[in-house]
Amino acid sequence: MKKTVTHIFGVIVALVLALCMPLPVFAEETFDYPDLCEIWAEYDDDALNLEWDCTNHGGEFTLFVSDNGKDFKKLVTLTDEYEYAYKRSFTKVYFKVTQTRDGKTLESSTIVAEKTKTGYVDVEYYDTDKDGLNDLYETLAGTDKTKADTDGDGLTDYEELGLTGTDPLVYDSVKKGTPDSKADTDKDGLTNIDEIKSGTNPDRADSDFDKLSDGNEVKKYKTDPLKSDTDGDKVSDGDEVALKLDPLKTSSNGKVPDNERIFKQTIPADHEILEYINSEGEIEFSVVISAAGVANYNLDVSKSGYGNVIGRNTAVIGVIPEFEYTNDLTVYEFILGAKIPDNLVPNTAESHTEEDEELEGIKRFQFFRFFEEINTLLPVNTTYDVEKNMVYTTTTDLGTYCIMDLELWVESLAAAMYG
Ligand SMILES: [Ca+2]
Ligand SMILES: [Ca+2]
Ligand SMILES: [Ca+2]
Ligand SMILES: [Ca+2]
0 MKKTVTHIFG VIVALVLALC MPLPVFAEET FDYPDLCEIW AEYDDDALNL EWDCTNHGGE
60 FTLFVSDNGK DFKKLVTLTD EYEYAYKRSF TKVYFKVTQT RDGKTLESST IVAEKTKTGY
120 VDVEYYDTDK DGLNDLYETL AGTDKTKADT DGDGLTDYEE LGLTGTDPLV YDSVKKGTPD
180 SKADTDKDGL TNIDEIKSGT NPDRADSDFD KLSDGNEVKK YKTDPLKSDT DGDKVSDGDE
240 VALKLDPLKT SSNGKVPDNE RIFKQTIPAD HEILEYINSE GEIEFSVVIS AAGVANYNLD
300 VSKSGYGNVI GRNTAVIGVI PEFEYTNDLT VYEFILGAKI PDNLVPNTAE SHTEEDEELE
360 GIKRFQFFRF FEEINTLLPV NTTYDVEKNM VYTTTTDLGT YCIMDLELWV ESLAAAMYG
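Following numbering that gives the first Met the number 0, the numbering of the sequence shown begins with 0 at its first residue and continues without gaps.
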């Protein structure tokens, strides 16, 4: 019987995985399945070959058959046998098996075999109570396969296991005294049953990731909790609320489209969106941006993909950042600031400062932008705040920027020319 054992339990594992649901709670805690007796069938040569297997072998097996999934009749009783060839004609037929061993009886899930018009026979585990969880899954979860809502809390077993993440065996598993349907698992202001009705995720406070909770969208702002930009003007609902725009109108003031409404916003060097490019003791970048939308939600900051190439130039100092902004939102002005740490301010090369005081101290640091179209770094406007060791560039074009030590650059050029 080795072959059958592998076969049926392989099917069970495949089936549980196919349901795309977390395994029942008991399985996560102990990885211990209850004693099972499960049946499967395959159609071959005009016979439906039924096979079953049980956690504990031996005993007496009774096979039951039904044509409606409810009224089962005894088909055959066998001792220590694990297969049976069913040869009667059918279009749709249901089976289950019981094992009687040591005075105890264990019943399998019901399977249903259905013949399609082409003669192919489809076999599935049956969902007796039609709650969306088939009988095998219910057996594994310990729920009642004949009752859609085992614990009577207003949520079906499927809703609890697949949607709300609540316990299908406990009436008030979230909050004592409150049925799970009326509880608010994700604390977003909507009860679990209301979330199921509105299609939102009962286990995530902000279903559409627009930074407004499902409850606030439905009750306060009347926005769509499943659409991050309800009015379709490219400014997300959360951005509109934060900027005091109207998330239900594409032009809140009736004149300028919301995605062209400019707000001047400062992103300091210690802001979390700059932490990829800033680290203590190195050059620290900061941003002042005049743009539509909430800048720190829409500005994407990373280390540039061109960094490896650009960084080969020994005159380039520090991290090479890249900035992008959400498409369709206007950027009016982008001021990139770089604070040069004290230890980098004194000149390292001594050859040119006497001749050119433009290369003295932080004034020798120049912003460059990488122009992808021509694969070249070109200098861009650079201003200084000498008191604060700050170097700035002002632009409208985001992209890859870097800072070059012009004195080192001149020196490397001279070395290349004169050897
Ligand atoms: Ca329930
Ligand atoms: Ca909720
Ligand atoms: Ca939301
Ligand atoms: Ca919008």
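Every residue, glycine too, gets a C-beta built ideally from N, C-alpha and C.
Quick caveat: nothing in here was measured; it's all calculated off a predicted structure.
One Cα belongs to lysine 302, the other to isoleucine 402, and the distance between them is close to 14 Å.
Across the structure, valine 286 and valine 390 are spaced so that their CA atoms are roughly 12 Å apart. Fewer than three Cβ pairs drawn from the segment 265-276 and the segment 226-243 lie within less than 8 Å of each other, which leaves the two stretches out of contact. Rounded to whole angstroms, threonine 90 and serine 212 show a C-alpha spacing of 50 Å. Beyond the five residues adjoining it in sequence on each side, lysine 95 comes within less than 6 Å, by CB distance, of Phe63, Ser107 and Thr109 in the same chain, given in chain order. Collapsing the DSSP output to three states places threonine 138 in a helix.
Taking threonine 155 as the centre and dropping the five residues before and after it, the same chain places the C-beta of Asp130, Ala147 and Asp148 closer than 6 Å to its C-beta, in chain order. Counting only residues of its own chain and dropping the five nearest sequence neighbours on each side, serine 250 has a CB closer than 8 Å to the CB of Asp232, Pro256 and Asp257. Annotation: glutamate 123 is outside any alpha helix (DSSP H); the continuous beta strand (DSSP E) that includes it extends over 120-124.
Leucine 225 sits in coil when the DSSP states are folded into three classes, being neither helix nor strand.
With 16 or more other Cβ atoms from the protein chains shown falling within 10 Å of its own Cβ, phenylalanine 333 counts as buried. Judged by their CB atoms, proline 224 and isoleucine 282 are not nearer to each other than the 8 Å cut-off.
When secondary structure is reduced to three states using DSSP, valine 92 falls in the strand class. For the 8 Å CB-CB criterion, tyrosine 305 and phenylalanine 369 form a contact. For the segment 284-310, the full-length alpha helix (DSSP H) segments reaching 4 residues or more read 294-297 and 306-309 along the chain. DSSP places asparagine 48 within a strand segment (E or B) once states are collapsed to three. One alpha carbon belongs to proline 320, the other to leucine 298, and they sit about 12 Å apart. Nearest Cα to proline 378 within the set Thr399, Asn388, Arg100 and Lys175: Thr399. Between phenylalanine 322 and valine 300, the C-beta gap is smaller than 8 Å, which places the two residues in contact. The continuous beta strand (DSSP E) containing leucine 77 extends over residues 72-78. Cβ-Cβ distances below 7 Å link aspartate 79 to Gly57 in the same chain, with the five nearest sequence neighbours on each side left out; the list follows chain order. Secondary structure at glutamate 321: strand, using DSSP grouped into helix, strand and coil.
By the C-beta density criterion, valine 385 is exposed, having fewer than 16 other C-beta atoms within 10 angstroms. Taking a C-beta distance under 8 Å as the contact criterion, valine 344 and asparagine 388 qualify as a contact pair.
About 13 Å separates the CB atoms of aspartate 185 and aspartate 179; that is not less than 8 Å, and the two are not in contact. Annotation for lysine 338: the continuous beta strand (DSSP E) segment containing it runs 330-338. As the crow flies, the alpha-carbon of arginine 260 is around 22 Å from that of proline 267. Of the other Cβ atoms in all chains shown, 16 or more fall within 10 Å of the Cβ of threonine 325; this residue is therefore buried. Annotation for aspartate 238: the continuous alpha helix (DSSP H) segment containing it runs 236-241. A buried status is given to asparagine 191, since no fewer than 16 other beta-carbon atoms sit within 10 Å of its beta-carbon. Look at glutamate 216: its beta carbon is less than 7 Å from one of the heavy atoms in ligand 3. Ranked by Cα distance from valine 409, the first of Leu358, Phe366, Thr199 and Thr61 is Leu358.
Residue environment: leucine 412 is assigned as exposed (fewer than 16 neighbouring CB atoms within 10 Å of its CB, all protein chains considered). Residue environment analysis places serine 278 among the exposed positions, since fewer than 16 neighbouring C-beta atoms fall within 10 angstroms of its C-beta.
The beta carbon of threonine 115 sits closer than 7 Å to the beta carbons of Asp121 from its chain, once the five residues preceding and following it are set aside; these are given in chain order. Collapsing the DSSP output to three states places threonine 393 in a strand.
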